[in-house]
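Chemist: This structure is in structure tokens; I'll ask about it shortly.
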Amino acid sequence: QKEVEQNSGPLSVPEGAIASLNCTYSDRGSQSFFWYRQYSGKSPELIMSIYSNGDKEDGRFTAQLNKASQYVSLLIRDSQPSDSATYLCAVEGSGAGSYQLTFGKGTKLSVIP
Amino acid sequence: KAGVTQTPRYLIKTRGQQVTLSCSPISGHRSVSWYQQTPGQGLQFLFEYFSETQRNKGNFPGRFSGRQFSNSRSEMNVSTLELGDSALYLCASSLTVTTYGYTFGSGTRLTVV
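If you're matching them up, the sequences are chains A and B in order. Take any residue in the first sequence, note its place counting from 1, add 859, and you have its number in the numbering used here. Take any residue in the second sequence, note its place counting from 1, add 17, and you have its number in the numbering used here.
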């Protein structure tokens with residue numbers, strides 16, 4: 860059973876600070892990694908994808924990938940109250956786990972004004 | 018561009034009944050996946066379809082089934098409903114497999130009483 864682990868939180872950060880969200884995965888063959896944001900009562904929304912080791916930046920968001928350590932992270936700079944949501948890490952499976960994303964249970968982020 | 022459309026949005030069924038949920042993917046998307054989301058288990062993969070073929074299936078009992086039509090629309094069916102089937106059922110579509118990430122629909126909230 861392929862697993863994706865995240866700290867459930869809640870993670871509380873003050874407005875304007877950097878929020879750091881972490882994720883580890885068990886499938887060494889995985890090649891595609893995603894971060895989704897889910898507001899309460901809404902469906903998940905894709906915010907970042909990353910496929911190569913290193914950093915990928917998009918606005919205030921930076922995704923980091925280290926395949927050797929099987930670790931993915933998401934940094935949110937200048938956090939805003941509107942960033943308060945649950946963040947889901949998702950990993951594409953390989954082999955028998957192909958054609959599916961395995962999701963972590965999510966980290967709940969609260970940005971305090 | 019229309020998003021992923023799921024119908025109905027809400028359903029209340031009694032134990033033992035069966036239910037059919039519908040999903041229309043984004044135009045041009047040929048891959049449709051289904052997930053069950055509960056507070057305790059998070060997002061769990063049900064199955065994925067591409068060009069009317071089921072390519073992968075999650076660890077759910079045979080009461081859960083699905084299909085995809087030639088226009089890429091998909092349905093999932095749950096027979097002999099149990100209380101534990103109460104959940105948010107999410108459909109997601111993608112352009113090609115999972116490489117570009119999913120776009121989720123708004124979901125169907127199923128309550129079994």
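Note that the Cβ used here is the ideal one computed from N, Cα and C, for glycine as well.
By a C-beta neighbour count over all protein chains shown, 10 Å radius and 16 as the cutoff for buried, is isoleucine 906/A buried or exposed?
Modeler: Position 47 of the first sequence, counted from the first residue, corresponds to residue 906/A. Isoleucine 906/A comes out buried.
Chemist: Enumerate in chain order the residues of its own chain whose CB-to-CB distance from glutamine 71/B is below 6 Å, with the five nearest sequence positions on each side excluded.
Modeler: On the second sequence, residue 71/B is found 54 positions in, with the first residue counted as 1. Excluding residues within five positions, the ones whose Cβ falls inside 6 Å are Phe64.
Chemist: Helix or strand or just coil, what does DSSP make of serine 941/A?
Modeler: As a position in the first sequence, residue 941/A is number 82, starting the count at 1. Correct three-state label for serine 941/A: helix.
Chemist: Closest Cβ-Cβ distance between serine 957/A and chain B: below 8 Å?
Modeler: Locating residue 957/A in the first sequence gives position 98, where the first residue counts as 1. Chain B, which has a Cβ nearer than 8 Å to the Cβ of serine 957/A, makes this yes.
Chemist: With a CB to CB cut of under 7 Å and the five nearest residues on each side skipped, what residues in its chain are close to glutamine 54/B?
Modeler: Here residue 54/B refers to the residue found at position 37 when the second sequence is read from its first residue. These residues qualify, in order along the chain: Leu60, Ala104, Leu105, Leu107.
Chemist: Does the segment 20 to 32 of chain B come within contact of the segment 74 to 88 of chain B, defined as at least 3 CB pairs closer than 8 Å?
Modeler: no
Chemist: From the beta carbon of leucine 870/A, is the nearest beta carbon of chain B less than 8 Å away?
Modeler: Taking the first residue of the first sequence as position 1, residue 870/A is located at position 11. Closer than 8 Å: no.
Chemist: Exposed or buried, what is leucine 100/B when buried is set at 16 or more other beta-carbons lying within 10 Å of its beta-carbon?
Modeler: Along the second sequence, read from residue 1 onward, the residue named residue 100/B stands at position 83. Leucine 100/B comes out exposed.
Chemist: Along the chain, where does the beta strand (DSSP E) containing proline 873/A start, and where does it finish?
Modeler: Mapped onto the first sequence, residue 873/A falls at position 14. Annotation: the continuous beta strand (DSSP E) that includes proline 873/A extends over 870 to 873.
Chemist: Could you tell me the alpha carbon to alpha carbon distance between serine 29/B and serine 82/B, rounded to whole angstroms?
Modeler: Residue numbering aside, residue 29/B sits at position 12 when the second sequence is read from its first letter. Residue numbering aside, residue 82/B sits at position 65 when the second sequence is read from its first letter. One detail in the question is off: residue 29/B reads as isoleucine in this sequence, not serine. C-alpha separation (whole angstroms): 19 Å.
Chemist: When you compare only the Cα positions, how much space is there between tyrosine 117/B and alanine 927/A?
Modeler: What you label residue 117/B is simply residue 100 of the second sequence in a count that begins at 1. What you label residue 927/A is simply residue 68 of the first sequence in a count that begins at 1. Answer to the nearest angstrom: the Cα atoms are 22 Å apart.
Chemist: Apply the 10 Å Cβ neighbour rule to glycine 965/A and answer buried if 16 or more other Cβ atoms are within range, or exposed otherwise.
Modeler: The residue given as residue 965/A occupies position 106 in the first sequence. Looking at its Cβ environment, which holds 16 or more other Cβ atoms inside 10 Å, glycine 965/A is buried.
Chemist: Could you tell me which chain A residues have their CB closer than 8 Å to the CB of arginine 72/B, listed as they occur along the chain?
Modeler: As a first step, residue 72/B must be located in the second sequence, where it is residue number 55. Simply Ser957, Tyr958.
Chemist: Does any C-beta atom of chain B lie closer than 8 Å to the C-beta of serine 902/A?
Modeler: Counting from 1 along the first sequence, the entry for residue 902/A is found at position 43. Cβ-Cβ to chain B under 8 Å: yes for serine 902/A.
Chemist: Pick out whichever of Gln939/A, Tyr958/A, Gly956/A has its Cα sitting closest to the Cα of proline 972/A.
Modeler: By one-based count along the first sequence, residue 972/A stands at place 113. Nearest Cα to proline 972/A within the set Gln939/A, Tyr958/A, Gly956/A: Gln939/A.
Chemist: Between the Cα of alanine 876/A and those of Asp942/A, Leu968/A, Arg936/A, Gly952/A, spot the shortest distance and give me the residue it belongs to.
Modeler: Start at 1 with the first residue of the first sequence, and residue 876/A comes out as number 17. Answer by Cα proximity: Arg936/A.
Chemist: Using 8 Å as the limit for Cβ to Cβ distance, is phenylalanine 962/A near chain B?
Modeler: As a first step, residue 962/A must be located in the first sequence, where it is residue number 103. So, interface residue.
Chemist: Using CA coordinates, which residue listed in Ser969/A, Ser889/A, Thr961/A is at the minimum distance from serine 50/B?
Modeler: Within the second sequence, residue 50/B is the residue found at index 33, counting from 1. Out of Ser969/A, Ser889/A, Thr961/A, Thr961/A has the C-alpha closest to the C-alpha of serine 50/B.
Chemist: Using the three-state DSSP reduction, which class does glycine 101/B fall into: helix, strand or coil?
Modeler: Indexing the second sequence from 1 puts residue 101/B at position 84. DSSP places glycine 101/B in helix when its eight states are reduced to three.
Chemist: In this structure, does DSSP put alanine 955/A in helix, strand or coil?
Modeler: Walking along the first sequence from the start, residue 955/A turns up at place 96. In this structure, alanine 955/A counts as helix in the three-state DSSP scheme.
Chemist: For aspartate 914/A, which residues does DSSP report across the bridge?
Modeler: Within the first sequence, residue 914/A is the residue found at index 55, counting from 1. The partner list for aspartate 914/A (beta bridge, DSSP) reads Gln923/A.
Chemist: Is threonine 113/B buried or exposed, if buried means 16 or more other CB atoms sit within 10 Å of its CB?
Modeler: If you number the second sequence from 1, residue 113/B lands on position 96. Its Cβ having fewer than 16 others within 10 Å, threonine 113/B is exposed.
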